[in-house]
Amino acid sequence: MTNIFTPLTLKNGTTIKNRFVKAALSETLGNKQYQPTDELIALYQKWAQGGTGLLITGNVMVDLNARGEFGNIVVDRNQDLTLLKKWSQAATANDTKIFMQLNHPGKQSPKTISKYPVAPSAVPMSGSNAFAFNSPRALEHSEIKQIINKFIEAAAIAKETGFSGVEIHAAHGYLLNQFLSPHDNRRNDEYGGSLENRMRILTEIYTGIRQKVGSEFPIALKINSSDFRPDGFSEKDSLTVIQKMDQLGIDLIEISGGNYENPKMQGIGKGAFFIDYAKKIKQTISTPIIVTGGFNTANGMEKAINNNETDFIGLARPLVMIPDLPNQLKWGNFTSVRLHHLTTGSKKLDKKVGSLIGLSFYQQQMLRIAENKKIQNTTNAWGALLFSLKHQGISALMPQRDKE
Ligand SMILES: Cc1cc2nc3c(=O)[nH]c(=O)nc-3n(C[C@H](O)[C@H](O)[C@H](O)COP(=O)(O)O)c2cc1C
Numbered sequence: 001m002t003n004i005f006t007p008l009t010l011k012n013g014t015t016i017k018n019r020f021v022k023a024a025l026s027e028t029l030g031n032k033q034y035q036p037t038d039e040l041i042a043l044y045q046k047w048a049q050g051g052t053g054l055l056i057t058g059n060v061m062v063d064l065n066a067r068g069e070f071g072n073i074v075v076d077r078n079q080d081l082t083l084l085k086k087w088s089q090a091a092t093a094n095d096t097k098i099f100m101q102l103n104h105p106g107k108q109s110p111k112t113i114s115k116y117p118v119a120p121s122a123v124p125m126s127g128s129n130a131f132a133f134n135s136p137r138a139l140e141h142s143e144i145k146q147i148i149n150k151f152i153e154a155a156a157i158a159k160e161t162g163f164s165g166v167e168i169h170a171a172h173g174y175l176l177n178q179f180l181s182p183h184d185n186r187r188n189d190e191y192g193g194s195l196e197n198r199m200r201i202l203t204e205i206y207t208g209i210r211q212k213v214g215s216e217f218p219i220a221l222k223i224n225s226s227d228f229r230p231d232g233f234s235e236k237d238s239l240t241v242i243q244k245m246d247q248l249g250i251d252l253i254e255i256s257g258g259n260y261e262n263p264k265m266q267g268i269g270k271g272a273f274f275i276d277y278a279k280k281i282k283q284t285i286s287t288p289i290i291v292t293g294g295f296n297t298a299n300g301m302e303k304a305i306n307n308n309e310t311d312f313i314g315l316a317r318p319l320v321m322i323p324d325l326p327n328q329l330k331w332g333n334f335t336s337v338r339l340h341h342l343t344t345g346s347k348k349l350d351k352k353v354g355s356l357i358g359l360s361f362y363q364q365q366m367l368r369i370a371e372n373k374k375i376q377n378t379t380n381a382w383g384a385l386l387f388s389l390k391h392q393g394i395s396a397l398m399p400q401r402d403k404e
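Residues 1 to 404 in full-length UniProt numbering are what the sequence shown spells out, letter by letter.
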C-alpha cells in the first residue's frame, strides 16, 4: 500500500523518494547581485538532510528589471552561474530533488522596487495595500514574447546549473495569475479575452521550456484553485487550465489558492485548505498533484496520501518550524506543528503590519536555520519586525505584496 514514504516516479522518469514537498518560500537571501548567499546554500543543505523528497525554491525572478521583493534571486544569462551550481549541489544531497520556481511579479512589485511595473492591462492593485504599488502599464505584444523567452531561458539555466526541474509560478497574484484573471487581464489581443487566450502566455511558456529542456527534465506548475474573488480566476477556469496542462504533458501540478489581497493560502490551523478541490481534479487528470496549505499534523498528512487524495504533501511554514519534519515523522517523533499568530501587542498596529510580520517571521527563522540557531517559538512580533528593519531598512515597512 502507498504511504507517505513510498517513492513516486514522474511521467518524465524522475523519481521523488517520498511524498514530502517543501513548497516555495521566498527566502530573501539573495545578495546585491541577486545571487545566492552562503546562508541560502546552508539553508538548503539543512532541508536536504531533513528528509524531504522534493525542495521547491522560493520564487526566482526571470527578469532583472522585474523583481518582487528585497533579496530576490534573479537568473540571467549574463551573470556568473557558479553560485547557482553550489545551491543545487547542496540541495540535491541525500537523494533530494530541487526544482527552481520561476516567477515574474507583474504589477505585484512594490514602489520601493518598481517605478514602472507592467501587467497584462493597466489595472491598478486594489485593497488596503494598494498605496504601496505604482500603477502598472499594459505590456506591449512584443514584450509578452520577451517575457516568455525569459522564462524559457531561466529554465535552461536551471537545467545547466544542476537543478532537478523547474516550477512555473502561476498563482498568488503574480504576472501569470494576472494573465489568467479576467479582473486583471482586459486585453483584446490573443493574450486576453477567452480563457484560451488568457492561458496562452502560460501554454507558450510551457511548450517553449519543454522544447528547450527536452522530455526528461521535469516541469511543474503552481496554480490557484481559485482567486476567491467574484471577477477573478474561478475554480472552473482553474480546472480547465489544469486539464489543458495535463494534456500538454506537464509533470507535476501544485494546487494553492488566493492572492495576497485574499490570502486563502495562508490560514492557520484550519487543516489542508485545498484538499476537496484536489480530490475533484485527481479524478480527471493523470499528472501527479501536490496540495499545499494548512497541513500540520502527521495524521492529516498520512491520511491524505493513504486515501489517494493527493500524491504529494506541500509544506511551507511547517518545514521552517521543523526543517527535518519528514525524518522526525519517520522516527515517530512528529505528531503536529503549531503555527502561531504573531502580535505586536497592539490590535491597531497588528492590523497595519500583521501579515507583513507573518512573512518576516519565517524569513527570520530561515536565516536562523542557515546559521545553526534555534527556531524561535514565539507569539511576539517585535523580533520579526526589527529583523526586517535591520535587513531592509525602512522600506521593510512598506507592503511588498498585495496584502501582507
Ligand atoms: C515567508 C513566505 C514566503 C512565501 N514565498 C512563496 C514563494 O516565493 N512562492 C510561492 O509559490 N509561495 C510562497 N509562499 C506560500 C507557500 O508556498 C504556501 O503556499 C503557503 O505558505 C501555505 O502553505 P503552509 O500552510 O504549508 O505554510 C510563501 C509563504 C511564506 C510564509
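Note that beta-carbon positions come from the ideal geometry of N, C-alpha and C, so glycine has one too.
From a predicted model like this one, the values you see are computed outputs, not experimental measurements.
Contacts around residue i, its chain only, beta-carbon distance under 6 Å, and the 5 residues preceding and following it disregarded
{"i": "Ala48", "result": "Ala91, Ala93, Asn94, Thr96"}
{"i": "residue 406", "result": "Nothing can be reported for residue 406: it is not among the residues displayed for the chain, which extend from 1 to 404."}
{"i": "Val74", "result": "Tyr34, Met61, Leu64"}
{"i": "Trp87", "result": "Pro36, Ile41"}
{"i": "Ala396", "result": "Ser388, Leu389"}
{"i": "Ala158", "result": "Met100, Val166"}
{"i": "Ile209", "result": "Ile152, Ala155, Ile219"}
CB contact flag (residue i, residue j, <8 Å)
{"i": "Ala138", "j": "Pro120", "result": "yes"}
{"i": "Ile281", "j": "Leu239", "result": "yes"}
{"i": "Pro230", "j": "Ser164", "result": "no"}
{"i": "Ile289", "j": "Ile255", "result": "yes"}
{"i": "residue 406", "j": "Leu315", "result": "Given that the chain is displayed from residue 1 to residue 404, the structure contains no residue 406 and the question cannot be resolved."}
{"i": "Ile113", "j": "Ile152", "result": "no"}
{"i": "Gly249", "j": "Ala272", "result": "no"}
{"i": "Leu342", "j": "Thr52", "result": "no"}
{"i": "Ile56", "j": "Glu167", "result": "yes"}
{"i": "Leu102", "j": "Ala155", "result": "yes"}
{"i": "Gly50", "j": "Asn327", "result": "yes"}
{"i": "Asn3", "j": "Asn299", "result": "no"}
{"i": "Asn134", "j": "Lys115", "result": "yes"}
Cβ neighbour criterion (16 or more within 10 Å) applied to residue i
{"i": "Leu386", "result": "exposed"}
{"i": "Phe274", "result": "buried"}
{"i": "Thr378", "result": "exposed"}
{"i": "Arg338", "result": "exposed"}
{"i": "Met321", "result": "buried"}
{"i": "Tyr174", "result": "buried"}
{"i": "Pro117", "result": "buried"}
{"i": "Ser234", "result": "buried"}
{"i": "Gln146", "result": "exposed"}
{"i": "Pro105", "result": "buried"}
{"i": "Asp80", "result": "exposed"}
{"i": "Ser226", "result": "buried"}
{"i": "Arg77", "result": "exposed"}
Start-to-end residues for the beta strand (DSSP E) that takes in residue i
{"i": "Ile219", "result": "219-224"}
{"i": "Met100", "result": "97-103"}
{"i": "Leu315", "result": "312-315"}
{"i": "Lys22", "result": "20-22"}
{"i": "Leu55", "result": "54-56"}
N-terminal and C-terminal residue of the alpha helix (DSSP H) that residue i is part of
{"i": "Val291", "result": "Where Val291 is concerned, there is no enclosing alpha helix (DSSP H), although the beta strand (DSSP E) it sits in stretches over 289-292."}
{"i": "Val353", "result": "347-370"}
{"i": "Ile305", "result": "298-306"}
{"i": "Ile281", "result": "275-282"}
{"i": "Glu39", "result": "38-49"}
{"i": "Ser388", "result": "382-392"}
{"i": "Leu252", "result": "Here Leu252 belongs to no alpha helix (DSSP H); instead the beta strand (DSSP E) covers 252-256."}
{"i": "Gln35", "result": "Per DSSP, Gln35 belongs to no alpha helix (DSSP H) and is neither H nor E."}
{"i": "Leu25", "result": "That residue, Leu25, is in no alpha helix (DSSP H); it is neither H nor E in DSSP."}
{"i": "Lys330", "result": "325-330"}
Same chain, Cβ closer than 8 Å to residue i, five either side skipped, listed in chain order
{"i": "Asn72", "result": "Ser26, Thr28, Gly30, Tyr34, Asn59, Val60, Met61"}
{"i": "Glu39", "result": "Leu29, Leu367, Ala370, Glu371"}
Cut-off 7 Å between Cβ atoms - residues of its own chain near residue i, not counting five sequence neighbours on either side
{"i": "Ser360", "result": "Ala384, Leu385, Phe387, Ser388"}
{"i": "Ala170", "result": "Leu176, Asn177, Leu180, Leu202, Leu221, Lys222, Ile223"}
{"i": "Lys85", "result": "Thr161, Gly162"}
Beta strand (DSSP E) runs wholly inside the region 151-239, at least 3 long, in chain order: DSSP runs (the beta strand (DSSP E)) wholly in the region 151-239: 165-170, 219-224.
Complete alpha helix (DSSP H) runs within the region 60-102 (minimum length 4 residues, chain order): 82-91
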